[in-house]
Amino acid sequence: TRKEQITRPNLEYFNGLSSGHVSQTTINSIMINNVDEPNEGWYTCLACNRYGCAEHDAYLTVLDLCKGVTCPGDKYCVGNYAAGHGHTCECPSFCDRAEMFASDWVCSNYCEEQFNECMMKDDACRNDKFGIEDLNKGRCGKIEHPVILDEEHTYGVL
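For the sequence shown, my numbering begins at 69 and goes up steadily by one.
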């Protein structure tokens, strides 16, 4: 409980529910999930039994394991909160299961053919290809005898 919100429990009500047969033989812990910076602060742990209550104050520090992390392309940061340190950059899901298997060939601006647009985006994210776009629908076609343009305002393959 946040320190400023602490209230005393009704022990008579608790004992009535438990029929007075409550025992504790293990050490318990509390896992607090899905916290963010506004949750940081002082909290009070209040433990009660038939002999009374004990309380202890603790400061909850919220770790943002992705603070200052910039992931490449469309990847996003995922903190390793189970370990308490580290992070990975992961790709979002670009398509649902039905879209994944829908045949709709595309040619990317990397001149690569992909089975469909969502597979193209997934491949681009996993392989750090930035600015991926559909060059055209369908297959890319053959590039024969490319000429590299290296003029002042023109770059590309002709």
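By construction, the Cβ of each residue, glycine as well, lies at the ideal position given by its N, Cα and C atoms.
- Between the beta-carbon of L128 and that of C121 there is about 21 Å, and that puts the pair past the 8 Å contact cut.
- Contact between the region 166-179 and the region 138-151 is not established, with fewer than three Cβ pairs separated by less than 8 Å.
- Between S176 and A192, the C-beta spacing is below 9 Å.
- The three-state reading of DSSP puts D172 in coil, since its state is none of H, G, I, E or B.
- For the beta strand (DSSP E) assignment, the uninterrupted runs of no fewer than 3 residues enclosed by the region 104-157 are, from N- to C-terminal side, 109-117, 120-128 and 144-147.
- A Cβ-Cβ contact shorter than 9 Å links E180 with C208.
- For K205, the uninterrupted beta strand (DSSP E) run begins and ends at D202 to K205, by DSSP.
- Sixteen is the threshold: when 16 or more other Cβ atoms of the shown chains lie within 10 Å of the Cβ of I200, as they do, the residue is buried.
- Annotation: D125 to E108 spans about 13 Å, alpha carbon to alpha carbon.
- The DSSP-derived three-state label of E167 is helix.
- Relative to L133, the option among M188, P140 and H155 whose CA is nearest is H155.
- Following the DSSP letters along the chain, one finds C193 inside the alpha helix (DSSP H) bounded by residues E185 to R194.
- Each residue's CA atom was taken as its position, placing G141 and Q182 some 19 Å apart.
- Of all alpha-carbon atoms in N117, V174, I100 and L203, the one lying nearest the alpha-carbon of A150 is that of I100.
- Note that the C-beta distance between C139 and R194 is not below 9 Å.
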